[in-house]
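Each residue of the sequence shown is one higher than the one before, starting from 2 at the first, in our numbering. Beta carbons: idealized from backbone N, C-alpha and C, even for Gly. If you're wondering where the values come from, they're calculated on a predicted model, not measured in any experiment. So the structure is just underneath, and the comments pick up after that.
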Amino acid sequence: MSLAAAVTLAFALAGAVPTASAGGELPEGLPEGWYAILDTDAGAIVARLLPEQAPQSVAHLAAFAEGRLTWTDAFTGESVRRPYYDGLAIHRVVAGERFEAGDPTGTGRGAPPVWVPQEGDGSVNFSKAYRVGLTRTGQGRVNGAIFFVTAIPAPWLNRRHPCIGEIVAGREVVDRICARKTDDGGRPLDKVTIRKVTVRAVGAPRPLPDPVPYDPPTPELQMRKPSEPVAR
2 MSLAAAVTLA
12 FALAGAVPTA
22 SAGGELPEGL
32 PEGWYAILDT
42 DAGAIVARLL
52 PEQAPQSVAH
62 LAAFAEGRLT
72 WTDAFTGESV
82 RRPYYDGLAI
92 HRVVAGERFE
102 AGDPTGTGRG
112 APPVWVPQEG
122 DGSVNFSKAY
132 RVGLTRTGQG
142 RVNGAIFFVT
152 AIPAPWLNRR
162 HPCIGEIVAG
172 REVVDRICAR
182 KTDDGGRPLD
192 KVTIRKVTVR
202 AVGAPRPLPD
212 PVPYDPPTPE
222 LQMRKPSEPV
232 AR
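Have a look at this one:
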């Protein structure tokens, strides 16, 4: 049983379902560890982060959220150092499946070119619902700023995207966001805005690592033989 499932079961046995409140507050009774509170105008979501299996992915998410990384503003071209996610809109919803956030241009291609290694394969993965992961480009590079949250089991994402967290409160908010109607590009017709992402510790877990710059190798282009299937 995953920690998220154990937390949910504990609350259920106590007669309550874990919910998240706005303003960076965590539900009581969470086990020791690192948590991210995603405060949106659709409600708050709490994820237990997984630095033990995705150290640099979690380190970059936390540094972006707290304004500890310098990044280039996509609209002004200026280098800035401020909390990255504050005020961003969720730019993509895959109906009933997941939502994505972290691109100020709303295209999925406008995040800062900050990369992390492929990691996050561990005991918590996308084979169960309510997971947090990082997106990657068509060239296989994993972006350290754009994250997604799943509402259903998505095992096809395993070993392709870092799994960096599991939702322990606010699952009903995830469901509501993933049920939003979208345009043809997947953008919600009724905008969902991230007010703030707050990273907090419960107890005294090991400190999160510092984000380390990562330069991914240039992908090799190979010609596919006509008889070979197309990779998915």
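Item, Value
"Given a cut-off of 9 Å, decide if TRP116 and ARG142 are closer than it, judged by their beta-carbon atoms.", "yes"
"For VAL175, I'd like the list of residues in its chain whose CB is within less than 7 Å of its CB, leaving aside the five on either flank, ordered along the chain.", "ILE46, TYR131, VAL150, ALA152 and ILE168"
"Leaving out five residues before and five after GLY78 in sequence, what residues of the same chain have Cβ atoms less than 8 Å from its Cβ?", "none"
"Can you give me the C-alpha to C-alpha distance between HIS35 and GLY204, rounded to a whole angstrom?", "It is worth fixing the name first, because residue 35 is Trp in this sequence and not His. Each residue's Cα considered, the two are about 9 Å apart."
"Let me check understanding here. Comparing Cα to Cα, which of PRO32, PRO28, ALA66 and GLY121 lies closest to GLY103?", "ALA66"
"Skipping 5 residues on each side, what residues in its chain have a beta carbon closer than 8 Å to that of ASP184?", "LEU190"
"Can you tell me whether VAL59 is helix, strand or coil according to DSSP?", "helix"
"Roughly how many whole angstroms lie between the Cα atoms of VAL213 and SER58?", "10 Å"
"Could you have a look at GLU167 and say whether DSSP puts it in helix, strand or coil?", "strand"
"For VAL175, report the span of its alpha helix (DSSP H) as first-last.", "172-179"
"Are CYS164 and VAL125 touching if we call contact CB-CB under 9 Å?", "yes"
"In angstroms, rounded to a whole number, what distance separates the CA positions of ARG137 and ASN144?", "6 Å"
"Given that a residue counts as buried once 16 or more other Cβ atoms are within 10 Å of its Cβ, and exposed if not, what is TRP157?", "exposed"
"With a threshold of 16 other CB atoms inside 10 Å of the CB of GLY30, please say whether the residue is buried or exposed.", "exposed"
"Is the beta carbon of LEU51 closer than 9 Å to that of ALA63?", "no"
"So, are the CB atoms of THR71 and ILE195 less than 9 Å apart?", "no"
"When DSSP labels each residue in this structure, what does PRO105 get in the three-state scheme?", "coil"
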